[in-house]
Every structure is written in C-alpha cells, then in structure tokens.
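J.:
Protein chains: 2
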Amino acid sequence: MAKQYLLTPGPTPVPEIIQKKMAKPIIHHRTTQYTEIFAAANQVLKKVFKTNSDVVTFTSSGTGAMEAGIVNTLSKGDTVIVVRGGKFGERFANICNAYGVKVVALDIPWGTAPDPALIQKTLAQNKAAKAVFISLCETSTATVYDVQKIGAVVGATDAILVVDTISGLLADEFKMDEWKVDVAVGGSQKGLMIPPGLAFIAFSPKAEALMAKSDLPKFYFDFKRYKKSLAASDVPFTPAITLEIGLKQALAMIEAEGVDTFIKRHRQDAEYVRARTKAMGLSMYSKAPSYAVTAVNVPEGKDGSALVKACKAKGVTFAGGQDTLKGKIIRIAHMGGINRQDLEDALNVLEGCLKELK
Amino acid sequence: MAKQYLLTPGPTPVPEIIQKKMAKPIIHHRTTQYTEIFAAANQVLKKVFKTNSDVVTFTSSGTGAMEAGIVNTLSKGDTVIVVRGGKFGERFANICNAYGVKVVALDIPWGTAPDPALIQKTLAQNKAAKAVFISLCETSTATVYDVQKIGAVVGATDAILVVDTISGLLADEFKMDEWKVDVAVGGSQKGLMIPPGLAFIAFSPKAEALMAKSDLPKFYFDFKRYKKSLAASDVPFTPAITLEIGLKQALAMIEAEGVDTFIKRHRQDAEYVRARTKAMGLSMYSKAPSYAVTAVNVPEGKDGSALVKACKAKGVTFAGGQDTLKGKIIRIAHMGGINRQDLEDALNVLEGCLKELK
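Chains A and B, in that order, are what the protein sequence lines are. Position 127 of the first sequence, counting from 1, maps to 127 under the working numbering, and the rest follow consecutively. Every position in the second sequence, counted from 1, becomes a number in the working numbering once 1000 is added.
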C-alpha cells in the first residue's frame, strides 16, 4: 500500500520508534518500572509547558482536561468570560453551562484573535468574573491567540486565565509561568506525536488557591487525587499504560531536539506551507495564523469538500472546515510527527488536485 | 530477555496480533474507515454484555464509566444503596459522595458476596433508594456476586441496578438484559485483552427513564452525547483510536471463539488454578470465588509481599492484597489474554518460591 499522509490537526502521525515502544509486552502500573516512566514524563512535560507546576496526565481526550480546568477551580453560579472564536471556545462555554457556571460570552469573528484590550474591558465590566477562557490555537479556525498579552491583562485581576493549548502546544510558542497562565490544558495527539487518549493539565498557585474554594462536583477529573498520587509516585486510577510509554519516548525525542528547536522547526514548516499555498493562489483564512495548522480559503466557486476528497483519494488526508466553514477552507496541519518531506509530498498532491478541480 | 508473565487482575497481557494491529499507522476518526471499526465493535460489545442496548465507549479508565453510571442517572440528594465488600464497592460510594448522592452503605465482610435477601431488606427499609450498586467481580477480594439473584430482587422495585463488570466480564457469566441489570460498566484491560484506556457503559430502558430526570452535572461522561453521535456513526470527542482498533481485533477473536466458549475456557482455567493452589496447600480467600481472578491466603507466618516479590524476580507478576489484605493474600488472574500455558508456568514459579520462602 502506498504511504498515507495524515495532515489533520490531530491525530497526527506517530513516529515508528514510538509505535514500536508502545507495541512491547504490557507492564503493570503499580511497579517501579512504570512509576519511573511517568515521573520522567512529568519532568519533561514541565519543560514543554514551561512551568514549575506539576503537569498531571488524565486518560481521556482533551475535552476531559478542559472539563477538569473548570470543575477543579470554579463553583456553581460563578461568572466567567469565555472567548468564542471557534468550536473549541464554544466547547469551554458548553462545559461551563453544563456545570451551572454563568458564561459571559465574548464572541469574536471566526478566524480572528481576541483583542487583549477587549478582554480588559470585559473584565472591568464583569468584576465578579472568576476566570477567562481562551485557546492558544483555536483549531477550528487555525488561529493563534496572543496569550502573553492576554495573560498580562488577566494577571492584573483576581481572575484566572485558562488556556486550551491542545493543538497549539509545541508549534505555537507557550510559556505558562512567564505569561501568567493559571490553567493550561493539553492533549496527546497533536504536537506530542502520540495517539489520542491522554490529556494534560497544570495549575498555577493562583489557580490552586481558587481550587480550595471550588464546590463543583468531581471525581475522575479531581486534580487533587492526581497530585496526591504523583507525590507518592503513584496514579489514582489505572492509566493508559501503552500511551504513557509512547509519551515517554516522544518526550525523550523532544528533549533531545530541544523544546525550542522543536518549536522553531514547526514554525519553519508553517512558513513553508504558507509560501507554497500562496504560490498556488490560495489565500489565508485566519487573520492571525497559527504555526500548528494553516487554514486556506478554497477558491471562489470551488467545492472544498470535493477538494479534500480528491486529495484523500491520492492518499493525503487534510481537514476541511467545520460548521459554517464546511467546504470553504482546507486545514493543513504541520505539528507533531508531520515532517517537511510529508508536507512537500502532500502539497504537491494538493496542487495537482486543485488544478484538476472544476 | 526471558518471557515476563503478567497475571494481575488488569492490565492483562495483550495478544501479539492485537499489538500489531494497534502499531499500524494511525488513521483519522472522522472517516468511514474508523466509523466502521467502532460500529463493528459496538455490535460485538452487545453480545459480550448480552444486551440489546447500545454499549458506548469512553476514553478513560474504568472509574470514568463508574462515574458515568452515577452522573447520568441520579440527582443531587438522591439516596442509593451501595454494597461495600472491597475497594471497588467503596469507590462507587466515594463517587456518590463526591456528587452529593446519599449513600446507604451495605457493608459486608471482605471476601464474601452480598446475600440477595439482605439487599431486599435494605431496599424495603429505604423505599426512596433510586439505585443499588454492586460488582460482578469485586476485584480486590476476587469475589463474584450473584448478579442474577440480586437483579431479580432489584428488578421488582423502582430502583435501578448498577453493576461494575470491569474485572468479571468474559470470565464470570453476565447477562445484562436477562438478569435485569440497568447499568453495566466495563473496562478494556481485563477480559477484553487490550491495554487500559477504554471504558464501556450500557443503560437499560429503565435506566434511561431515570436519566431523563437526572440533574447531576456532566459533560465528558454525558451518555446522551455519545448515544446521539453513535446514531450518526460519529463520536463526540476524539477517541483513543489505537485502543479502539485493538478492541475491534480483540472482539473479532472473541466472536470467532464464541462468547460462551471464551467464558467457559476461562472458567476451566480458574478451576485449574484452584486445583493447583490447593495441591500446594494454599486455601482460598474468597467465600464466593470469581472465575476471573483467584485469591489465595498466604500461609500463616509467611510474608505475602515477599512472596510476590520473589515471584516477580523470576519473571512472574501476581497481585498482592490491597489495604488490610496487604501481605495476606495473593491474587492470580486468569482472564483475557492469560492462557493455560502462562498459568502452568507461573504456578510452577509460585510453587518453587513458596518452598523457598522462610
């Protein structure tokens, strides 16, 4: 079978060396062999998130960690500000609604990043707001948010800043502590190069102070259980052992390359994709393009879904647009295990399909 | 390296053919290729649970599905009866407590199964009780509960019966619909022969009726989202794709052997373990031994933890006792991918270590 190219913003291709590690005979999780694996992973995850806080791992999709960011810090009836500029901002709002947390929705046009001044104004108008929710990269629109500037704004208030870094991490720059981020949420199947099934979360001391007052019910996603276990080199519930083994291998590779070098390489890949698509006459959809994934507009009068389908028939999987963007954009990921050669090959296919498309 | 034997009650060894399937290049989850995989898995899972209800899959450890059984059916302030005869009965109670559900604890001596008449009496004394929580196999004590008789008792009331089948499924007999079980919870790393990371849940029509009134907050574990997605051949959140691929392979193997034949084979393995350990002079810990895992008492004056350690040094991993049973019992699993040859080899090691133990 010819090589298949998976260039969607998650899952991303898993390097063969990681696949092989995960395919070894399974081990038990209450053993030194396993605790060494996740202790090592935790240490490198801190470097990836650029934080001194513990980064704990859940067995869940990224949404589980988004929920954990809410249920561990907030109380019923609390007011929060949620930036809604795409599907994942909406998800934060939906989870808050499910838990009886009042959402002040800050709706911005899809494909744009929120103006930090607007967040400052909204905070001033909602002094009771306990938290502000944003994404690093809003995956549905391939847009990067200015977390640093928003962190400066939110950090000057009593509110905490919760950031979904799921798709942006390790492609778009992110510095949890320096940028005054209080809750950072990540996932396994993007920049971290492993299959979906693990999610990550870290809390700042400011968030932990709020945690002490939180009354939302939780058990499986109760951070305190994980933190307590971590201190005892243990896990509260049976973890996804094979994925954790893959994570350790992925983190070792990232550390060997250097976190910043890894990020820089993906930025260069993003720039390559931007240049190639521009040369094909495709315009950028996002006003603030992410380095994790690029969204290009499908030319006027052409059917984006047919284009995605034509590429897929030639072995290249891109993501189309979601909801109102269906058929209008194509999203090309350049994160995690996607390398330059994959991008060259895949963009050649895109170029060919574009010409053939009626 | 010599073969390592993992005979703990989860995780269990993953057959090589399943490992290989999971190690193939990853695919995207919003594709026909993937939806066919999970639709096929759902069909066989129904046969495994012996139910006409949909069995949905969460990316989580089994505890996540236990929580889902609670948050999808109950409301704040509800009263429930929880049988506590080991660590996993306790867990159901702890989750209920976390959500403000009042627990009538039916504490029974560890290593015994609850008397259905006692459950009937407790239900009569607590007419407002909305649910009864039990295990099929209480893993911590290797004890099987008489789900059929308890189902007959609970089925005659308005309460629902919630059963944790995580470790018992596919070794101890289980018939969800026929036995009037309303909520069945399962996990991937036991009888199903795949690594940890997936959990399963099915609801009876009686449980779904209660679900309509449930006011406990939920999002990631909200069954309605999964059911709605399933009807559209979709998943609400990115699933643990590689584990799901392994699941499909495992279920194909189980279906080829026949669910009942698979269960019978494990019962025969359990009987073999009972006979061999009896011949070694080891007595059974449980008064109602499960066919999934056998717990034997460590001989008086001997240190069970040292025995487990000695076996581990020879490549055989058994589980010891938990909490008050630490050092007092050894648990030998004979579920999922553990085969007769593994058991023969491992019991030979146990026999040798037992003789050498001071």
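Ideal placement from N, C-alpha and C gives every residue a C-beta, glycine not left out.
1. How about B/Gln1322: is its C-beta nearer than 7 angstroms to some C-beta of chain A?
2. I'd like the ranges of any beta strand (DSSP E) spanning at least 3 consecutive residues and lying wholly in the stretch 1253 to 1304 of chain B.
3. Roughly how far, in whole angstroms, is the beta-carbon of A/Gly337 from the beta-carbon of A/Thr12, given that I think they are within contact range, below 8 angstroms?
4. Can you tell which of B/Gln1189, B/Lys1149, B/Val1080 and B/Gly1187 has the C-alpha that lies nearest to the C-alpha of B/Leu1178?
5. CA-CA distance, A/Ile166 and B/Val1071?
6. What is the rounded straight-line gap between the Cα of A/Ala256 and the Cα of A/Ala41?
7. Which bits of chain B does A/Glu67 rub up against, with CB to CB less than 8 angstroms?
8. For A/Asn297, does the count of other Cβ atoms within 10 angstroms reach 16, so buried, or fall short, so exposed?
9. Check each candidate in A/Thr324, A/Ile330, A/Lys326 and A/Leu325 and name the one with the smallest Cα separation from A/Phe318.
10. Near A/Thr157, which residues of its chain fall below 7 angstroms by C-beta distance, leaving aside the five closest residues on each side in sequence?
11. Using a beta-carbon distance below 7 angstroms, is A/Gly64 in contact with chain B?
12. Indicate whether B/Thr970 and B/Lys1287 have their beta-carbon atoms separated by less than 7 angstroms.
13. From the DSSP output, read off the bridge partner residues of A/Leu106.
14. Could you tell me the distance, in whole angstroms, from the CA atom of B/Ala1333 to the CA atom of B/Ala1295?
15. Measuring CB to CB, does A/Ala171 end up less than 7 angstroms from A/Met335?
16. Any Cβ of chain A within less than 7 angstroms of the Cβ of B/Tyr1099?
17. When the Cα of A/Phe221 is compared with those of A/Ala65, A/Glu271 and A/Val153, which residue comes out closest?
18. So, does the CB of B/Val1014 fall closer than 7 angstroms to a CB anywhere in chain A?
19. If we define contact as Cβ-Cβ less than 7 angstroms, is B/Ser1061 a contact residue for chain A?
20. Which whole-angstrom value describes the C-beta separation of B/Lys1227 and B/Val1056, a residue pair presumed to lie in contact below a C-beta threshold of 8 angstroms?
21. Mind listing the chain B neighbours of A/Phe237? Cutoff is C-beta to C-beta under 7 angstroms, in chain order.
22. Distance check for A/Leu350 and B/Cys1096, CA to CA, integer angstroms please.
23. Classify A/Arg276 as buried or exposed, calling it buried when 16 or more other Cβ atoms lie within 10 Å of its own Cβ.
24. Could you list which residues in chain A have their beta carbon closer than 8 angstroms to that of B/Leu1006, in chain order?
25. Give the DSSP bridge partners of A/Phe200, in chain order.
26. Taking beta-carbon pairs under 8 angstroms, can you tell me which members of the stretch 1092 to 1126 of chain B lie near chain A?
27. For B/Ser1214, which residues in the same chain have their Cβ closer than 8 angstroms to its Cβ, ignoring the five residues on either side in sequence?
28. If you run the structure through DSSP and keep just helix, strand and coil, what is A/Thr317?
29. Relative to chain A, which residues along the stretch 1298 to 1318 of chain B have a C-beta separation below 7 angstroms, given in chain order?
30. Bridge partners for A/Ser332 per DSSP, in chain order?
31. What separation, rounded to the nearest whole angstrom, lies between the Cα atoms of A/Val185 and B/Glu1356?
32. In chain order, what residues of the same chain lie with their CB nearer than 6 angstroms to the CB of A/Thr35, ignoring the 5 residues before and after it?
33. Could you check the C-alpha separation between A/Val82 and A/Asp164 for me, to the nearest Å?
34. Let me see if you follow: with CB-CB separation under 7 angstroms, is A/Gly168 close to chain B or not?
35. Rounded to whole angstroms, what's the CA-CA distance from B/Gly1100 to B/Ala1093? Just pull it up for me.
36. Confirm, please, whether the CB-CB distance from A/Thr79 to A/Ala129 is below 7 angstroms.
T.: To lay it out plainly:
1. No, B/Gln1322 does not count as interfacial toward chain A.
2. Secondary structure in the stretch 1253 to 1304 of chain B: the beta strand (DSSP E) runs of 3 residues or longer, each lying completely within the stretch, are 1293 to 1297 in chain order.
3. A Cβ-Cβ separation of about 5 angstroms places A/Gly337 in contact with A/Thr12 under the 8 angstroms criterion.
4. Per the sequence shown, residue 1178 of chain B should be read as Glu rather than Leu. Ranking the options by Cα distance to B/Glu1178, first place goes to B/Lys1149.
5. Spanning the two alpha carbons is a distance of roughly 26 angstroms.
6. Their backbone Cα atoms lie some 13 angstroms apart in a straight line.
7. Near A/Glu67 (Cβ distances below 8 angstroms), the residues of chain B are Phe1219 and Tyr1220.
8. A/Asn297 should be labelled buried.
9. Answer by Cα proximity: A/Ile330.
10. Only residues of its own chain outside the window of five on either side were considered, and among them Leu123 have a CB closer than 7 angstroms to the CB of A/Thr157, listed in chain order.
11. Yes, because at least one Cβ of chain B sits closer than 7 angstroms to the Cβ of A/Gly64.
12. Only positions 1001 to 1358 of chain B appear in this structure, which leaves residue 970 of chain B out of reach.
13. A/Val83.
14. In this structure, the straight-line span from the alpha carbon of B/Ala1333 to that of B/Ala1295 is close to 9 angstroms.
15. A/Ala171 places its beta carbon less than 7 angstroms from that of A/Met335.
16. Contacts with chain A at 7 angstroms (Cβ-Cβ) include B/Tyr1099.
17. Nearest C-alpha to A/Phe221 among A/Ala65, A/Glu271 and A/Val153: A/Ala65.
18. So, interface residue.
19. With respect to chain A, the C-beta atom of B/Ser1061 has a partner C-beta closer than 7 angstroms.
20. Confirmed, Cβ separation roughly 6 angstroms.
21. Those are Ser1061 and Thr1063, listed as they occur along chain B.
22. Cα to Cα, B/Cys1096 sits roughly 53 angstroms from A/Leu350.
23. Per the 10 Å Cβ criterion, buried.
24. Correct list: Pro25, Ile26, Ile27 and His28.
25. Note: A/Phe200 sits in a beta bridge opposite A/Thr57 and A/Gly186.
26. Within the stretch 1092 to 1126 of chain B, the residues whose Cβ lies closer than 8 angstroms to any Cβ of chain A are, in chain order, Asn1094, Ile1095, Ala1098, Tyr1099 and Gly1100.
27. Taken in chain order, the residues that qualify are Val1071, Asn1072, Thr1073, Leu1074 and Ser1075.
28. Of the three classes helix, strand and coil, the one that applies to A/Thr317 here is strand, per DSSP.
29. Those residues of the stretch 1298 to 1318 of chain B that come within reach of chain A (Cβ to Cβ, closer than 7 angstroms) are Thr1317.
30. Ser is not the amino acid found at residue 332 of chain A; the sequence shown has Ile there. DSSP output for A/Ile332 lists A/Thr294 as bridge partner(s).
31. Going by C-alpha positions, A/Val185 is about 51 angstroms away from B/Glu1356.
32. If we look at A/Thr35 and ignore the five residues flanking it on each side, its Cβ neighbours are Ser233.
33. Taking the straight line joining both Cα atoms gives about 12 angstroms.
34. Not one chain B Cβ lies under 7 angstroms of A/Gly168.
35. Spanning the alpha carbons of B/Gly1100 and B/Ala1093 requires a straight line of approximately 11 angstroms.
36. Between A/Ala129 and A/Thr79, the C-beta spacing is below 7 angstroms.
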